[in-house]
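Step one of this worksheet: look at the structure below.
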Amino acid sequence: MKNVSEPGVYGVSRYGRSKYGKKSSCPQFAELSEILFLNIKDKKKLSKNQINDVMHLMAHANARNDIFLTSDKKDFIAKGRREKIKEKFNIVIMTPEEAVEFLSNEFSWN
44 MKNVSEPGVY
54 GVSRYGRSKY
64 GKKSSCPQFA
74 ELSEILFLNI
84 KDKKKLSKNQ
94 INDVMHLMAH
104 ANARNDIFLT
114 SDKKDFIAKG
124 RREKIKEKFN
134 IVIMTPEEAV
144 EFLSNEFSWN
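Per my numbering: the sequence shown = residues 44 to 153.
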């Protein structure tokens, strides 16, 4: 399994474990945070956990991985978030249980 570096955010990310990029990655951060956290109008007020959620999705997208696994249904799946992220960023979000079922069907596991 490959190691995926998350986008660095000053004051949040651990130095040496993140990729600090250009401002060109900011639109992706803004768009994802808008989908995940609709109720927060000022995105500068996101908590560290919320920033981490967005960073994990960005890392997933940048690494071009197939399935993003999460147990956090509230932030990633509820209220059509999964569908919006799939449509806009082509990121497939599944719970671990959904991934097991999908892979079992895909590869005829018993």
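In this text, a Cβ means the ideal position worked out from N, Cα and C, and glycines have one as well.
Annotation: the continuous alpha helix (DSSP H) that includes phenylalanine 150 extends over 139–150. Leucine 79 and arginine 124 do touch by the CB rule: their CB atoms are close to 6 Å apart, below 8 Å. Leaving aside the five residues that flank serine 151 on each side, none in its chain has a CB nearer than 8 Å to its CB. In this structure, methionine 101 and leucine 75 form a Cβ contact; the two beta carbons are roughly 7 Å apart against a cut-off of 8 Å. Spanning the alpha carbons of alanine 73 and methionine 137 requires a straight line of approximately 22 Å.
Rounded to whole angstroms, the Cβ separation of isoleucine 120 and alanine 142 is 13 Å, and the two are not in contact under 8 Å. Each residue's CA atom was taken as its position, placing glutamate 77 and threonine 113 some 19 Å apart. The beta carbon of phenylalanine 132 sits closer than 6 Å to the beta carbons of Ala104 from its chain, once the five residues preceding and following it are set aside; these are given in chain order. Put simply, the backbone Cα of glutamate 140 is about 20 Å away from that of isoleucine 128. Around the beta-carbon of aspartate 96, 16 or more other beta-carbon atoms lie within 10 Å, marking it buried. The three-state secondary structure of phenylalanine 111, taken from DSSP, is strand.
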